[in-house]
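Report on the following structure.
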Amino acid sequence: MSDYALCNVQAGAPLQEKIFLKKDPASRYETLQAMKAGKLKTAENFLRARRSNLDPSKSLTENRRYETESGNFTSAHFSITQFEGVRSAKQIFDLVIFYFNNMEISVSEKLDSLVTVRENDDDSTIEGITQNCLVSTTTKTGKKMESKTIMFSSYCERDDMPAADRGYGIVASEFIDNDECYPYHPNERVRKDVSGVIEVRAFNRQDRHSASADDDIVVVMTRWVQNTLHRPAFPMEAEGWRELRHSMDTWGLSLHRTLLESLHPQS
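In numbering that gives the first Met the number 0, the protein residues as written are 0 to 266.
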């Protein structure tokens, strides 16, 4: 069994806490604020178990895709990515947050297979909490896929970070079970649930090409995400279902591409 597979078995899955949002703005705010600290702590512990003894200076990517007994289709992605030559962990964290706040633009610009729009066009972002209600339409068969996700985020300087850069950023994403302002449309759209964690921090790494004994600083992004595409409640031909399954993970691919383009705009 690989190191990652062993970590996967030991860690299990993150605890999912159902999210129900009412129309009243004050109630929505109170509900999300009450969940934030617990969500971020659970996310941090979950990634620590997933990563376990893995070397953060080594790249890793693992993907799983499978159909469940209920007919839903689930994908899981885990990756460790290094960013060398960047200013700080905060630089990468800010780029991640910017991407999530403008996800529909990046996805539509970079993916030929999907056109994505945002339904919650009001200011749904408060400090450390972002809501994304997105609808994507496949360009080939015109099938619609909707997701409603809350992202809790935090960045701070931590004394327990071993690197010279003590910045630590974490983002926990969780799907909304029911939202009175932005309800699901099960008779028209296929629902996609997203649960995920992104951690950004710096590590010390010995520069093997330098005569100096000083360590090099490398910023590492650790990412886990699970997407579940619900079998539609309405009739759908096999080709349309295959197209949705093929497209369900492309938002994550767009994130990595956007980060690289922002860091190296001329490449």
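Every residue, glycine too, gets a C-beta built ideally from N, C-alpha and C.
Those residues which DSSP pairs with Ile79 across a bridge: Leu59 and Thr221
Taking the Cβ atom as the reference point for each residue, do Tyr187 and Lys143 lie within a distance shorter than 8 Å? Looking at the sequence shown, residue 187 is not Tyr but Glu. It is a contact, given that the beta carbons lie within the stated cut-off.
How do the region 73-87 and the region 125-140 stand: do at least 3 beta-carbon pairs fall below 8 Å, yes or no? no
Residue closest to Ala196, alpha-carbon to alpha-carbon, out of Met220, Phe19 and Val85: Inspection of the sequence shows that residue 196 is occupied by Val rather than by Ala. When only C-alpha atoms are compared, the closest one is Met220.
Asp271 to Thr30, Cα distance in whole Å? Examination of residue 271 is not possible in this model, given that the chain is present from 0 through 266 alone.
In chain order, what residues of the same chain have a beta carbon less than 6 Å from the beta carbon of Thr257, not counting five sequence neighbours either side? Tyr98 and Ser105
Between Gly70 and the rest of its own chain, which residues show a CB-CB distance below 7 Å, the 5 nearest in sequence each way excluded? Arg230
Got a sec? Which residues, its chain only, sit under 7 Å from Met0 by beta carbon, not counting five neighbours each side? For Met0, the predicted model reports a pLDDT of 40, less than 50, meaning its position is unreliable; a value from the coordinates is still stated below. Contacts found: none.
Please state the DSSP three-state secondary structure of Arg157. coil
Determine the direct distance from the alpha carbon of Lys40 to that of Met235, and round the result to whole angstroms. 40 Å
Environment of Cys132 [buried if 16+ CB atoms lie within 10 Å]: buried
Once the 5 residues before and after Thr148 are set aside, which same chain residues still bring their CB inside 6 Å of it? Asn131, Ser172, Phe174 and Val193
C-alpha distance - Pro338 paired with Phe202, whole-angstrom precision: Nothing can be reported for residue 338: it is not among the residues displayed for the chain, which extend from 0 to 266.
Check the C-beta distance from Arg200 over to Glu145 and give it rounded, since I have them as a contact under 8 Å. Between Glu145 and Arg200 the Cβ distance is about 33 Å, and since that is not below 8 Å, they are no contact.
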